[in-house]
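Here the structure comes first, spelled out in structure tokens, and everything after it is commentary.
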Amino acid sequence: MPQFKEANLEVNLDEIKHLVSERAIKGETMLLNMGPQHPSTHGVLRLLLELDGETIVNCIPDIGFLHTGIEKNMEAKSYQKAEVMTDRLDYLNTVGNNLAYCLAVEKLVDLDVPPRAQAIRVILTELQRIASHLVWLGTSALDVAAMSVFLYCFREREMILDIFELCSGQRMMTTYFRPGGLWRDVPVEFEDAVRRFIDYFPKRVDQYEALLTRNPLFLDRTMGIGKLTTEQALQYGVTGPPLRATGLAWDLRKVRPYSGYEQYDFDIPTRTEGDVYARYLVRVQEMRESLKIVRQALEKLPYGPVRSNNRKYVPPPRSEIGVDMEALIHHFKLWTEGFHAPKGAVYAAVESPRGELGVYLESDGGTKPYRVHWRTPSFDNLQVLPLLAKGHLVADLVAIIGSVDIVLGDVDR
Amino acid sequence: MTFWNDPIHFIAEWLRGLFIGWGMSGDVANVLIALIGAVVLASVAMVLDILLVWVERKVVARFQDRLGPNRLGPFGLFQPFADILKLIIKENITPAGADKVPYNIAPILAMTAVLLLWAVLPLAPTIFGVDLNVGALYLIAAGALGTLAIILAGWSSNNKFALIGAFRAVAMMVSYEIPMVVTLLIPTILAGTMSLNGMVKAQDVWFVVLSPLAVIIFLISAVAELGRAPFDLNEAESELVAGYHVEYSGMKFGLFYAAELLHAFTFGGFMAVLFFGGWRGPWAEQYPLLGLLYFFVKAMIGYWVFMWIRYTMPRIRIDHMLAFNWKFLTPLAFVLLMVTALVDKALAGAETWVYALGMFLANVVVAWVTVEILRAYSRRRRLEEEAPAKQVIRTGVEGQAAHH
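As you go down the protein sequences, you meet chains X and G in turn.
The first sequence begins at 11 in the numbering used here and counts up one residue at a time.
The second sequence begins at 46 in the numbering used here and counts up one residue at a time.
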């Protein structure tokens, strides 16, 4: 048996000396290890804090505890099969990840998507955005200890997940969008379920706002905390609500529309303060805007096919396989070998609830992607955390982490 | 004297007769009876505590649109027993590097501090542990022991999170005891006695009518004293994981938890005693057991208010909390105390309704002046905040113009 030299995984003080201030070495400040097992780091984020009393002198994020190797794994799977992994990246934005991946594949092989499929994609991604913001609202309210909001938010989120289950049979890991359209058409109950939700939900948002928006304790905890300027945000590559809370109306749905977002009338909420409270207001307003999009998309939901007719890339419907030899061959080829994508590289980006979610796909002409890279918003947004946290109290740090809204599956991938 | 108008003394007399009949001297019998009384009172409180676990879980579940425990027994009533059983069979871990003696004393002390409070709590006209003539003072002194338990736990755990929790507890308890002591003096002035039973007897008109402001101040400082949300900074599960009791497991943790619940209920009881007429109600004087019922209903409502606040409000930050206490609550409490004392002297000997009306109006005036001062202060702050903002915009434009 080969003898492995035991790797020294422990970091000693000398190796992290440059990260903390002189005073920590002298023992004047306290080094506190927050996480990876901590209720408010939203997963397995580890923060090494240097504290002066309760004031944060330095905050050093340490990521990688949820590394899944999804990018690498996707390179070992054919284009259709790799999609299953995308759900697991940002587990609060599953259909959004599917959408980004499908857009990239469609761009790579030049596939058309029928209008009905596009409209359903928009409805589901916007519902997902609301669901993701609900989780954010609940958990970040929990971070400042407004406990009940958490359970109210999850109650409404469950309605959205029920709609997902109705369509795809899965609450979270749907893999419902496929390159070239959808897995299959939505069931007949879908429209009623969505309509019920959009009629019911505005009252609930009002309720959350009644609990938080003008609550003096909540204002104390969020106003002026974790301020970010537009320049800083752009330097760090921050996107999504944290960027919009600084005053820049940058939203890919507007500036680079995809999936037919240009047809819908909606606003991009912005604030100028750039603090935790501004991010809160932006996200709450975004939920209302998403609702507007869903309502419009549902009203003009066109009839027709939900899958492209390009049989070289999209599997034929089940009904054809039994009667049509060609369809059988296509089916067999697509689910064994997969399709050959033309040589080249594409980048497709969507506006996820957390910011710009991009997929970079490189093809060497084979049936598997040669390289997959995800530009995930959580990863980029997390980088700004040390800047935001400096000089604030530990109690503010949890509010700041909550307001940046990271998903560790999205950070580490 | 029958069982129905003085149950405790009735039983005590019967026991004394029994013990003397067994050949004990009178003194030994008295000591033994006092001891039995203490054990019974503490046991009643702790059994009540088991019920409170259920009440808390059930009520919170309703607040949060859940069902709460509903599997074990009718309405999930046996759930707390399962909880306790689980805690008892868990391993008691003492972390390496912990200071063993204070570490193990702390949970017991936390529970004891609460049980000590029950000694002076007048449950009914004739049902109480002891009618101390400095009951209010005792309440503060025994209550402070709970703080000591938290400090001991935080310090001895050898954990930085626990230590920060203990720091916060010290800052919080030390500051919020002051408005609490001051508001305790208001019922003392109104009743003319520090004995808690005396205070209840003096409440022909509930003190909440005479001094509504004092109730609010007492409620706020009681929540802080209890360390419940929005003042649960010493636990702060989203920041400090569990704060001072982060290293505790099994029944040692259970004691902290139980102490917190019982403490909250006890303070609900003190609210009832000090401001809401305690055991007073129709026929409470004739039938003390009825008074017992009134007391528990009132205390439970107080406890419910504590829960209501806890599960609605976000947690306050430590600097805001201290500023709120020292800059607002403490001065207000002192002003209210002085006004109450002056009005009490001025209206001494007046009719009850004149006295009540005068006191109430004095409170209204103090509240109105406070609100006016706050409004003026926030207006000034707002103007200050708006003024530099305008400047920034102007210089921003100039800077841009110069740049171009």
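Note that CB positions come from ideal geometry on N, CA and C, so glycine has one too.
Three-state secondary structure assigned by DSSP to residue i
{"i": "PHE187(X)", "result": "strand"}
{"i": "PRO387(X)", "result": "helix"}
{"i": "ALA281(G)", "result": "coil"}
{"i": "SER318(X)", "result": "coil"}
{"i": "SER373(X)", "result": "strand"}
{"i": "GLU431(G)", "result": "helix"}
{"i": "LEU99(X)", "result": "coil"}
{"i": "ASN370(G)", "result": "helix"}
{"i": "ASP120(X)", "result": "coil"}
{"i": "GLU60(X)", "result": "strand"}
{"i": "ALA329(G)", "result": "coil"}
{"i": "ALA169(G)", "result": "strand"}
{"i": "GLU299(X)", "result": "helix"}
{"i": "ALA292(G)", "result": "In the sequence as displayed, the identity of residue 292(G) is Glu instead of Ala. Reduced to three states, the DSSP call for GLU292(G) is coil."}
{"i": "VAL215(X)", "result": "helix"}
{"i": "LEU419(G)", "result": "helix"}
When the options are compared against residue i, the one with the closest alpha-carbon
{"i": "TYR111(X)", "options": "ILE80(X), ALA141(X), ILE133(X), ALA129(X)", "result": "ILE80(X)"}
{"i": "LYS91(X)", "options": "LEU344(X), VAL421(X), GLU366(X), GLY250(X)", "result": "LEU344(X)"}
{"i": "GLU136(X)", "options": "SER269(X), LEU371(X), ILE339(X), ALA351(X)", "result": "SER269(X)"}
{"i": "ASN319(X)", "options": "MET44(X), ASP122(X), ILE70(X), ARG131(X)", "result": "ASP122(X)"}
{"i": "LEU96(G)", "options": "ALA127(G), ASN137(G), GLU270(G)", "result": "ALA127(G)"}
{"i": "HIS48(X)", "options": "ALA281(G), TYR356(G), ILE153(G)", "result": "ALA281(G)"}
{"i": "TYR221(G)", "options": "ALA368(G), PHE405(G), VAL399(G)", "result": "ALA368(G)"}
{"i": "LEU154(G)", "options": "ALA143(G), ALA187(G), ILE138(G), PRO140(G)", "result": "ALA187(G)"}
{"i": "ALA274(G)", "options": "ASN103(X), VAL119(X), VAL154(X), GLY375(X)", "result": "VAL154(X)"}
{"i": "LEU285(G)", "options": "ALA151(G), GLY210(G), LEU197(G), GLY82(G)", "result": "GLY210(G)"}
{"i": "ARG213(G)", "options": "ALA287(G), PRO119(G), VAL84(G)", "result": "ALA287(G)"}
{"i": "TYR380(X)", "options": "GLN242(X), LEU398(X), VAL356(X)", "result": "VAL356(X)"}
{"i": "PHE206(G)", "options": "LYS343(G), VAL384(G), TYR293(G), ALA106(G)", "result": "TYR293(G)"}
{"i": "PRO119(G)", "options": "TRP99(G), LEU130(G), LYS131(G), ALA141(G)", "result": "TRP99(G)"}
{"i": "LEU398(X)", "options": "VAL54(X), ILE66(X), GLU25(X)", "result": "ILE66(X)"}
{"i": "ASN242(G)", "options": "LEU307(G), GLY323(G), ILE262(G)", "result": "GLY323(G)"}
Contacts around residue i, its chain only, beta-carbon distance under 6 angstroms, and the 5 residues preceding and following it disregarded
{"i": "GLY174(G)", "result": "LEU86, ALA164"}
{"i": "PRO333(G)", "result": "ALA169, PRO170, THR171, ILE172"}
{"i": "ALA405(X)", "result": "none"}
{"i": "MET244(G)", "result": "PRO232, ALA236"}
{"i": "LEU229(G)", "result": "ALA181"}
{"i": "THR282(X)", "result": "GLY257"}
Alpha carbon of residue i to alpha carbon of residue j, nearest angstrom
{"i": "PRO315(X)", "j": "LEU147(X)", "result": "37 angstroms"}
{"i": "ILE140(X)", "j": "GLU166(X)", "result": "9 angstroms"}
{"i": "PRO251(X)", "j": "VAL369(X)", "result": "20 angstroms"}
{"i": "PRO363(X)", "j": "PHE310(G)", "result": "43 angstroms"}
{"i": "THR78(X)", "j": "LEU208(G)", "result": "35 angstroms"}
{"i": "HIS290(G)", "j": "GLU417(G)", "result": "42 angstroms"}
{"i": "GLY295(G)", "j": "ALA304(G)", "result": "14 angstroms"}
{"i": "GLY336(G)", "j": "ALA267(G)", "result": "24 angstroms"}
{"i": "CYS69(X)", "j": "LEU99(X)", "result": "25 angstroms"}
{"i": "ARG116(G)", "j": "LEU132(G)", "result": "19 angstroms"}
Neighbourhood of residue i by C-beta, 7 angstroms cutoff - its chain only, sequence neighbours within 5 removed
{"i": "ALA151(X)", "result": "VAL159, PHE160, LEU222"}
{"i": "ILE78(G)", "result": "ALA57, LEU60, ARG61"}
{"i": "ARG439(G)", "result": "A caution first: ARG439(G) carries a pLDDT of 43, below 50, which makes its placement in the model unreliable, though a value can still be read off. Nothing meets the Cβ criterion."}
{"i": "ARG10(X)", "result": "Chain X is shown only over 11 to 423; residue 10(X) falls outside these bounds and no answer can be derived."}
{"i": "PHE48(G)", "result": "PHE55"}
Bounding residues of the beta strand (DSSP E) (the contiguous stretch that carries residue i)
{"i": "SER362(X)", "result": "354–362"}
{"i": "ILE66(X)", "result": "65–72"}
{"i": "ASN43(X)", "result": "40–44"}
Cutoff 8 angstroms; reference residue i; Cβ partners in own chain excluding five residues on either side
{"i": "ARG214(X)", "result": "TYR162, GLU166"}
{"i": "GLU175(X)", "result": "ARG181"}
{"i": "LEU161(G)", "result": "ALA187, LEU190"}
Extent of the continuous alpha helix (DSSP H) run through residue i
{"i": "ASP285(X)", "result": "Careful: ASP285(X) lies outside any alpha helix (DSSP H) and carries neither H nor E."}
{"i": "MET233(X)", "result": "Note, MET233(X): premise wrong, no alpha helix (DSSP H); not H, not E."}
{"i": "ALA194(G)", "result": "180–201"}
{"i": "TRP345(X)", "result": "335–346"}
{"i": "TYR221(G)", "result": "205–236"}
{"i": "GLU451(G)", "result": "The question about residue 451(G) has no answer, for chain G in this structure spans 46 to 449."}
{"i": "PHE126(G)", "result": "124–134"}
{"i": "HIS54(G)", "result": "52–66"}
{"i": "GLU101(G)", "result": "71–108"}
Contact list for residue i against chain A, beta-carbon separation under 8 angstroms
{"i": "THR357(G)", "result": "Considering every chain present, this structure includes no chain A. Its protein chains are X and G."}
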